[in-house]
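Novice: Here's a structure for you.
There are 2 protein chains.
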Amino acid sequence: MADDLREMALEMFSPLPSTTPAVNDNLITPAKIDLGKALFFDPRMSASGVFSCNSCHNLATGGDDNMPTSIGHGWQKGPRNSPTVLNAVFNEAQFWDGRAPDLAAQAKGPVQAGVEMANTPDNVVATLNSMPQYQDWFKASFPDEADPVTFDNFAKAIEAYEATLLTPSPFDAYLNGDENALTDDEKAGLALFMDAGCASCHNGINLGGNGYYPFGLIEKPGADILPEGDRGRFAVTDTADDEYVFRAAPLRNIAVTAPYFHSGKVWDLETAVAIMATSQLGADLNDQEIGQITAFLGSLTGTVPVVEYPVLPAETATTPRPTGEVK
Amino acid sequence: MADDLREMALEMFSPLPSTTPAVNDNLITPAKIDLGKALFFDPRMSASGVFSCNSCHNLATGGDDNMPTSIGHGWQKGPRNSPTVLNAVFNEAQFWDGRAPDLAAQAKGPVQAGVEMANTPDNVVATLNSMPQYQDWFKASFPDEADPVTFDNFAKAIEAYEATLLTPSPFDAYLNGDENALTDDEKAGLALFMDAGCASCHNGINLGGNGYYPFGLIEKPGADILPEGDRGRFAVTDTADDEYVFRAAPLRNIAVTAPYFHSGKVWDLETAVAIMATSQLGADLNDQEIGQITAFLGSLTGTVPVVEYPVLPAETATTPRPTGEVK
């Protein structure tokens, strides 16, 4: 029976690997990881000097922020909840609507978004080129390139760093054969998660992040949770079938990354599970079942890698000055 | 001659100690340091969830931000340049006008300032109490107290952490007897720094931070650098003699903490040195002399301690929600 549950689970899910995965067209080296970490934590990558990648994808708080939607340049609010960067390398595509094929493409988005970091590729490159240490780090990270300080390489270095942000969890230990890694409640939740149909969308290594589904497949939630103005993947594909379609949220570390959904309107994980059951499965789960599924989701909270906070290069006379001006 | 210079220097300055200093009325323990680090990096200490202590006193960039004045809650600008937290434990008092006697008193300021973190002591305590792990950490840090989660203890823990942020520099190695720790230019700059009179105000362990002086003692700089609306320590003492009086800036890590002065209006260190010479000393230094003093100031850039980025407790159902609302 115990073995049966794990065997079923192994058909739907995969444990995290124990090493950094390879990514397409981007050789991961220690030098590139270190550069990417510096860039990830550097607030001077934003026009104002206030925001770094880590501001909204904070490694101290589950790899996201703790807000419905992020606050960015000029105190503007972003349109959707900030997803966690942890294990994001295993998502099939990035953003809630999957509009970026990989983390390098994703990294170029927020830095240019007017409501987020409000910067330009030219200004990022000028900022990096103004600091000799960054020039050296780019040379070491892209040794075959004559002119390595580019916006593309900025994004690739961030992707390389983010690929290291894996958080092995009790669920991984369980999948790897440790029967005692999950409690009985968590195992009951796992069984329910598969039986009730949650795993039809939330499967694979990240229990989600690898497919697109309408939010409200069976019953559309209210506009407080599914705001009408945000039609999801429709904006990417311009296809009627993609109205209110979103990438299934990856569920690793979900217990520590409230609030939930692309709208960030639900703070309580049990409530989120209940909404999913109704809207996506038409299932009427009782409180005990919801509690067990939530307990199982808690077993997806993993150990964040040790991060040595970087010491960044100092500005020079040619570093573009920060500006909080809203254009 | 070489020994003479060091002997003279040792009469004016002191090297950093090699261990964390004791602070008044606040026993520093490993548990308290760890708690203080978590609090220092926790953006949920601000009303919006955007700003932590580290936002404006960023350990990655010299212990300050890189702006004339910080951007805070509601995208408001603070009134004065953010000073570095590095080695700040050795300042006689905190803030540009010395209005906080120590780091614990200082820590209570920005968290409540409407233009900075815009929080309240009650909301900070409610936030901390909502997370069991924070409760445990406060108990471990203040083991003799029945009710350890208080705003006072919040500030004391931050003070304990900040007391560990010491950055030994080549100048310390020189003071400790390593003749080769400074270049000839840096030594010439050190001699000038003492001869010209800079060290009259910028002395002691932090080369400043321990006395109050009018900005514009000899010649008042223009309103672009010394804005008329900010009368400095006058706001603290209400004494005419304290008009435009500020605490002498501590100069450790000055080369990596541009822009300069309480107004943050000067980005170039040589320019700042020239302004100081004119306004405070009435000295007419030539370019070589300014270059040598600037070289000496560069020898005050120290090694930042290794900081393991914290993993913070997750919010619970009772955690007060972040709000970006500007009251």
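One line per chain: the protein sequences are A and B, in this order. FYI, this note's numbering numbers position 118 of the first sequence as 98, with every residue one higher than the one before it. FYI, this note's numbering numbers position 294 of the second sequence as 274, with every residue one higher than the one before it. Glycine included, C-beta positions come from ideal geometry on N, C-alpha and C.
State yes or no: is the beta carbon of A40 of chain A nearer than 8 Å to at least one beta carbon in chain B?
Specialist: Judged by the 8 Å Cβ criterion, A40 of chain A is in contact with chain B.
Novice: Check whether chain A comes within 8 Å of D45 of chain B, counting only Cβ atoms and requiring the distance to be less than that.
Specialist: Output row for D45 of chain B: interface = yes.
Novice: Near A11 of chain A, which residues of its chain fall below 8 Å by C-beta distance, leaving aside the five closest residues on each side in sequence?
Specialist: Within the same chain, A11 of chain A has close Cβ partners W117, A120, S121.
Novice: Using the beta-carbon count (16 or more within 10 Å), is P(-3) of chain A buried or exposed?
Specialist: Its Cβ having fewer than 16 others within 10 Å, P(-3) of chain A is exposed.
Novice: Taking 8 Å as the threshold (beta carbon to beta carbon), is M238 of chain B in contact with chain A?
Specialist: One detail in the question is off: residue 238 of chain B reads as Ala in this sequence, not Met. Taking Cβ atoms only, chain A reaches closer than 8 Å to A238 of chain B, which makes this a yes.
Novice: Give the DSSP bridge partners of A86 of chain B, in chain order.
Specialist: One detail in the question is off: residue 86 of chain B reads as Gln in this sequence, not Ala. DSSP lists no partner for Q86 of chain B.
Novice: Could you compute how far the alpha carbon of E317 of chain B sits from the alpha carbon of D14 of chain A?
Specialist: Residue 317 of chain B lies beyond the stretch modelled for chain B, which goes from -19 to 307, so this question has no answer here.
Novice: I'd like to confirm the pairing. Which residues does DSSP put opposite Y192 of chain A in its beta bridges?
Specialist: Bridge partners of Y192 of chain A: A:R227.
Novice: What residues are listed by DSSP as bridge partners for V246 of chain A?
Specialist: Note: V246 of chain A sits in a beta bridge opposite A:Y240.
Novice: Determine the DSSP secondary structure at E(-13) of chain A, reduced to helix, strand or coil.
Specialist: E(-13) of chain A falls in the helix class under three-state DSSP.
Novice: Answer yes or no: does any C-beta atom of chain A fall closer than 8 Å to that of K90 of chain B?
Specialist: Note on residue identity: the sequence assigns Pro, not Lys, to residue 90 of chain B. So no, P90 of chain B is outside the interface.
Novice: Is the beta carbon of N6 of chain B closer than 8 Å to that of A171 of chain B?
Specialist: No, they are not a contact pair.
Novice: Apart from the five residues just before and just after G262 of chain B, which ones in its own chain have a Cβ nearer than 7 Å to its Cβ?
Specialist: Excluding sequence neighbours, G262 of chain B sits near I198, E199.
Novice: Between A235 of chain B and chain A, is there a C-beta pair that is closer than 8 Å?
Specialist: By this cut-off, A235 of chain B is an interface position.
Novice: Pull up the distance between the alpha-carbon of E72 of chain B and that of F134 of chain B, whole angstroms please.
Specialist: Their Cα atoms are separated by approximately 21 Å.
Novice: Does any residue of chain B have a CB that is nearer than 8 Å to the CB of R213 of chain A?
Specialist: With 8 Å as the cut-off, R213 of chain A does not count as an interface residue toward chain B.
Novice: Buried or exposed for K307 of chain B, please, with buried defined as at least 16 other CB atoms from any protein chain shown within 10 angstroms of its CB.
Specialist: It is exposed - the Cβ of K307 of chain B has fewer than 16 other Cβ atoms within 10 Å.
Novice: Taking 8 Å as the CB-CB limit, is E288 of chain A close to chain B?
Specialist: By this cut-off, E288 of chain A is an interface position.
Novice: According to DSSP, is K307 of chain B part of a helix, a strand, or is it coil?
Specialist: Looking at K307 of chain B - three-state DSSP - the assignment turns out to be coil, as it is neither helix nor strand.
Novice: Can you give me the Cβ contacts of L155 of chain B inside the same chain, cut-off strictly under 8 Å, excluding the 5 residues immediately before and after it?
Specialist: Excluding sequence neighbours, L155 of chain B sits near R(-14), A(-11), L(-10), F(-7), S(-6), P(-5).
Novice: Comparing the C-beta of W117 of chain B with each C-beta of chain A, is any distance below 8 Å?
Specialist: Not closer than 8 Å to any Cβ of chain A, the Cβ of W117 of chain B fails to qualify, so no.
Novice: In the DSSP assignment, find the unbroken alpha helix (DSSP H) run with Q74 of chain B in it and report its ends.
Specialist: Element bounds for Q74 of chain B: n/a, residue is neither H nor E.
Novice: Which residue marks the beginning of the alpha helix (DSSP H) containing Q115 of chain A, and which one marks its end?
Specialist: That run of the alpha helix (DSSP H) goes 112 to 121.
Novice: Do A27 of chain A and M111 of chain A count as a contact pair if the criterion is CB distance below 8 Å?
Specialist: Taking 8 Å as the Cβ cut-off, M111 of chain A and A27 of chain A do not qualify as a contacting pair.
Novice: Would you mind working out which of A:N46, A:L19, A:R24 sits nearest P293 of chain B, comparing C-alpha positions?
Specialist: The option with the nearest alpha carbon to P293 of chain B is A:N46.
Novice: Say whether chain B places a C-beta atom closer than 8 Å to the C-beta of L292 of chain A.
Specialist: Yes, because at least one Cβ of chain B sits closer than 8 Å to the Cβ of L292 of chain A.
Novice: Report yes or no: do the segment 178 to 197 of chain B and the segment 229 to 236 of chain B share at least 3 C-beta pairs separated by less than 8 Å?
Specialist: Yes, the segment 178 to 197 of chain B touches the segment 229 to 236 of chain B.
Novice: For G184 of chain B, which residues does DSSP report across the bridge?
Specialist: Note: G184 of chain B sits in a beta bridge opposite B:F(-7).
Novice: Taking contact to mean at least 3 C-beta pairs separated by less than 8 Å, is the segment 200 to 216 of chain A in contact with the segment 159 to 167 of chain A?
Specialist: Because the criterion of three Cβ pairs below 8 Å is not met, the segment 200 to 216 of chain A and the segment 159 to 167 of chain A do not touch.
Novice: If you drop the 5 nearest sequence neighbours on each side, which residues of the same chain put their C-beta closer than 6 Å to that of A275 of chain B?
Specialist: Correct list, in chain order: D165, E166, G169.
Novice: Which chain A residues are close to R60 of chain B, counting only those with a beta carbon under 7 Å from its beta carbon?
Specialist: Under the 7 Å cutoff, chain A gives no residues; its nearest Cβ is about 16 Å from R60 of chain B.
Novice: Give the straight-line distance between the Cα atoms of Y56 of chain B and A80 of chain A, rounded to the nearest whole angstrom.
Specialist: For the sequence presented, residue 56 of chain B should be read as Gln rather than Tyr. Each residue's alpha carbon lies about 33 Å from the other.
Novice: Give the residues of chain A in contact with G297 of chain B, contact being defined as C-beta atoms less than 7 Å apart.
Specialist: Rather than Gly, the amino acid found at residue 297 of chain B in this sequence is Ala. Correct list: D248.
Novice: For V3 of chain B, which residues does DSSP report across the bridge?
Specialist: B:N6.
Novice: When you compare the CB of V284 of chain A with every CB in chain B, is at least one pair closer than 8 Å?
Specialist: Chain B contact via Cβ: present.
Novice: Let me check one thing: in DSSP terms, what residues is I51 of chain A bridge-paired to?
Specialist: DSSP, once it has assigned bridges, lists A:K57 as partnering I51 of chain A.
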